[in-house]
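>
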């Protein structure tokens, strides 16, 4: 793919990244620096909401048994944090801004912002194994696809699930370690799904038949095993031909990265950098007054005090420029059909 400098972006650079082709580099800026260190532990899942976006704090420390739903107002740069009754893997806005649908611990639940009311709308996941929790997911017209993670990040025992609008739960796979970024695209009368199980360092493609609750065999579309960093959250680019992946770096580094990959060639089109925050967890493309921006969450998970002192932006939320002209809004499930 031809690589061309981005026009009108702050500090664009052109470099070579490892085995990948030439790419543009953009420095993202700190958008929000939580004063509560618990909120910096593991931010993920930003999604457009109201006059800004929502995101989840998966847990507020290594030993914490709860996390939070966060509502960020972009113009005021103000964050409202709401504790949840457990550790969320995702929380998606619905057609009613007062209601979110969230994966908390081992159930899909409806959560009402104004009252804190929770209503369970799924069976328990991973009933045959222990020490797994719901992790990343994506809403689409037929429900939600989400994965789970082994809390020890070692064993292929966590599930990959389809939650349908009739509140039935279908297990698609039972061999995930840490199921993360997902993209779902229409494919005739079925769906094409891109999926990341982070320790594999691969992006795989499935054909998803939501009516029958089945997946095709996996096809590797991006092989990132030559990297020392791990793919985490993922979002589709507006061109429909590329994806943006956030990379979690467990090691010390001057900056973290999110990269846009062409799905056909595997080449890197663009790289966004988060200074002094190597553990980038999730991306969000959103339209604002001056264009389409990329929001990135980062984490302090697993950092000792000495490492954090050298990576002081870890756990912050960042925002960077893009060359995109539009950004698609994530699917909203109809809450009226779900609330009891």
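In the numbering used here, the protein residues as written are 1 to 340.
Using N, Cα and C, we set each Cβ at its ideal position, and we do this for glycine too.
Model, not experiment: these values are computed from the prediction.
1) Going by DSSP, name the residue or residues bridged to residue 282.
2) Taking contact to mean at least 3 C-beta pairs separated by less than 8 Å, is the segment 242 to 250 in contact with the segment 275 to 293?
3) Once the 5 residues before and after residue 339 are set aside, which same chain residues still bring their CB inside 8 Å of it?
4) Would you kindly check if the distance between the Cβ of residue 272 and the Cβ of residue 315 is under 8 Å?
5) Is the beta carbon of residue 232 sitting closer than 8 Å to the one on residue 198?
6) Round the Cβ separation of residue 310 and residue 252 to the nearest angstrom and send it over; I've been treating them as touching at under 8 Å.
7) Within the chosen definition, does the segment 150 to 164 reach the segment 64 to 71 through at least 3 CB pairs nearer than 8 Å?
8) Could you check what DSSP says for residue 324 in three-state terms: helix, strand or coil?
9) Going straight from the alpha carbon of residue 152 to that of residue 103, what length do you get?
10) Whose CA, out of 336, 337, 332, lies closest to the CA of residue 49?
11) Can you check whether the CB of residue 105 is closer than 8 Å to the CB of residue 69?
12) Taking DSSP as the reference, what is the three-state secondary structure of residue 199?
13) Going by DSSP in three states, residue 22 sits in which element: helix, strand or coil?
14) Between the segment 136 to 146 and the segment 159 to 167, are three or more C-beta pairs nearer than 8 Å?
15) Pull the bridge partners of residue 100 from the DSSP assignment, please.
16) From the DSSP output, which residues share a beta bridge with residue 242?
17) Whole angstroms is fine: what's the gap from residue 258's alpha carbon to residue 337's?
18) Take residue 289 as the anchor and find which of 248, 42, 75 has the nearest alpha-carbon.
19) Just the C-alpha distance for residue 94 and residue 334, rounded to the nearest angstrom, thanks.
20) Once you ignore the five residues that flank residue 326 on each side, which residues in its own chain have a CB closer than 7 Å to its CB?
21) Helix or strand or just coil, what does DSSP make of residue 401?
22) My output table needs one value for residue 42: the three-state DSSP class, helix, strand or coil.
The relevant details are as follows:
1) Taking the chain shown and counting its residues from 1, the one referred to as residue 282 is at position 282. Per DSSP, 297.
2) yes
3) Walking along the chain shown from the start, residue 339 turns up at place 339. Hits under 8 Å: 99, 110, 119.
4) For the purposes of this step, residue 315 is identified with residue 315 of the chain shown, where counting begins at 1. For the purposes of this step, residue 272 is identified with residue 272 of the chain shown, where counting begins at 1. Contact flag unset, no.
5) Stepping through the chain shown from its first residue, residue 232 is reached at position 232. Stepping through the chain shown from its first residue, residue 198 is reached at position 198. Contact flag set, yes.
6) Here the question's residue 310 lines up with position 310 in the chain shown. Here the question's residue 252 lines up with position 252 in the chain shown. Going by Cβ atoms, the distance from residue 310 to residue 252 rounds to 7 Å, so yes, they are a contact pair.
7) no
8) Taking the chain shown and counting its residues from 1, one reaches residue 324 at position 324. Looking at residue 324 - three-state DSSP - the assignment turns out to be coil, as it is neither helix nor strand.
9) As a first step, residue 152 must be located in the chain shown, where it is residue number 152. As a first step, residue 103 must be located in the chain shown, where it is residue number 103. Taking the straight line joining both Cα atoms gives about 19 Å.
10) Counting from 1 along the chain shown, the entry for residue 49 is found at position 49. Checked all of 336, 337, 332; the closest Cα to residue 49 is 332.
11) What you label residue 69 is simply residue 69 of the chain shown in a count that begins at 1. What you label residue 105 is simply residue 105 of the chain shown in a count that begins at 1. No; because the gap between Cβ atoms is not below 8 Å, this pair is not in contact.
12) As a position in the chain shown, residue 199 is number 199, starting the count at 1. In the structure shown, residue 199 sits in a helix (DSSP, three-state: H, G or I).
13) Stepping through the chain shown from its first residue, residue 22 is reached at position 22. Any reading at residue 22 needs caution, since the residue's pLDDT is 47, under 50, leaving its predicted position unreliable; the model's value is listed next. Strand.
14) yes
15) Residue 100 sits at position 100 when you count from the first residue of the chain shown. Per DSSP, 93, 111.
16) Taking the chain shown and counting its residues from 1, one reaches residue 242 at position 242. Its beta-bridge partners are 262.
17) Numbered from its first residue, the chain shown carries residue 258 at position 258. Numbered from its first residue, the chain shown carries residue 337 at position 337. Cα-Cα distance, rounded: 36 Å.
18) Residue numbering aside, residue 289 sits at position 289 when the chain shown is read from its first letter. When only C-alpha atoms are compared, the closest one is 75.
19) Numbered from its first residue, the chain shown carries residue 94 at position 94. Numbered from its first residue, the chain shown carries residue 334 at position 334. Cα to Cα, residue 94 sits roughly 6 Å from residue 334.
20) Position 326 of the chain shown, counted from the start, is the residue given in the question as residue 326. Answer for residue 326: 238, 287, 292, listed in chain order.
21) Residue numbering for the chain in the displayed model covers 1 to 340; residue 401 lies beyond these limits and cannot be assessed.
22) By 1-based counting over the chain shown, the position of residue 42 is 42. Reduced to three states, the DSSP call for residue 42 is coil.
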